[in-house]
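Undergrad: Sharing a structure below in structure tokens format, with a few things to ask.
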Amino acid sequence: MSSLNQLGLPQEQTTALVEKLNVLLANYQMYYQNVRALHWNIKGKRFFDLHVKFEEFYNDAQLKVDEVAERVLTLGGTPLHTYSDYLAHNNLPIAKDVSKDEDAIQLIINSLSELLKIERIILNDSGDINDEGTNGMMSGFIAEQEKTIWMLNAFLQA
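Heads up: the sequence shown is residues 461 to 618, going by my numbering.
If you want it as structure tokens, here you go:
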């Protein structure tokens with residue numbers, strides 16, 4: 461039987477969950493930076509629409525970065541906070557020199573799909589230890605990103 465932390469969660473599994481949350485944090489930081497780059501570099505006839513949409517996406521990502529980091533702290537961990545840590549834990553494609561609208565949208569879809577994979581693992585693990593705080597956060601992230609992927613795919617069909 462494992463010992464419980466101050467939140468009443470099993471310490472060993474919580475420590476493992478914090479590691480996965482830090483992977484998510486690193487990937488969100490990379491996603492944030494990618495979308496900022498897309499916002500700055502987008503070109504073409506859809507510039508005005510996408511410039512605004514990408515700003516919406518990176519503002520949302522910035523909030524999620526903060527939420528994940530604060531959850532890591534709540535669970536007793538230390539959030540990753542260096543670029544080298546982010547790069548070491550990143551699974552996302554890097555948006556270098558992406559300026560075409562469809563390429564940018566596809567990069568976001570691919571990035572959100574990768575974030576979903578990490579979030580589903582965390583959701584499963586947090587559910588196993590009755591960590592409702594993490595579980596609720598992941599459920600919200602997943603539902604929002606699934607809808608965003610659907611909408612972005614609809615955009616690509618035009």
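We put the CB at the ideal spot given by N, CA and C, even for glycine.
This structure is a prediction, so every number in the text was calculated from the model and none was measured.
As an exercise, report each continuous alpha helix (DSSP H) stretch of at least 4 residues that is fully enclosed by the segment 520-555, in chain order.
TA: 543-549
Undergrad: With distances taken from CA atoms, which of 598, 541, 469 is nearest residue 529?
TA: Residue mapping note: residue 529 aligns to position 69 of the sequence shown, counting from 1. From the listed residues 598, 541, 469, the smallest Cα separation to residue 529 is found for 541.
Undergrad: I think residue 612 touches residue 565, with their Cβ atoms under 8 Å apart; what is that distance to the nearest whole Å?
TA: By 1-based counting over the sequence shown, the position of residue 612 is 152. By 1-based counting over the sequence shown, the position of residue 565 is 105. Their Cβ separation, rounded to whole angstroms, is 5 Å, which keeps residue 612 and residue 565 in contact under 8 Å.
Undergrad: Given this structure, state the Cα-to-Cα distance separating residue 563 from residue 494, to the nearest angstrom.
TA: Translated into the one-based positions of the sequence shown, residue 563 becomes position 103. Translated into the one-based positions of the sequence shown, residue 494 becomes position 34. Their Cα atoms are separated by approximately 12 Å.
Undergrad: May I ask which residues mark the beginning and end of the alpha helix (DSSP H) holding residue 495?
TA: As a position in the sequence shown, residue 495 is number 35, starting the count at 1. Element bounds for residue 495: 471-501.
Undergrad: Between the Cα of residue 544 and those of 574, 478, 472, 483, spot the shortest distance and give me the residue it belongs to.
TA: By 1-based counting over the sequence shown, the position of residue 544 is 84. The candidate whose alpha carbon is nearest that of residue 544 is 483.
Undergrad: Quick one: what's got a C-beta closer than 7 Å to residue 499's C-beta in the same chain, skipping five residues either side?
TA: Along the sequence shown, one-based indexing puts residue 499 at 39. Same-chain partners within the cutoff: 511, 514, 515, 518.
Undergrad: By the three-class DSSP mapping on this structure, what secondary structure does residue 612 have?
TA: Working through the sequence shown from its first residue, we reach residue 612 at position 152. Helix.
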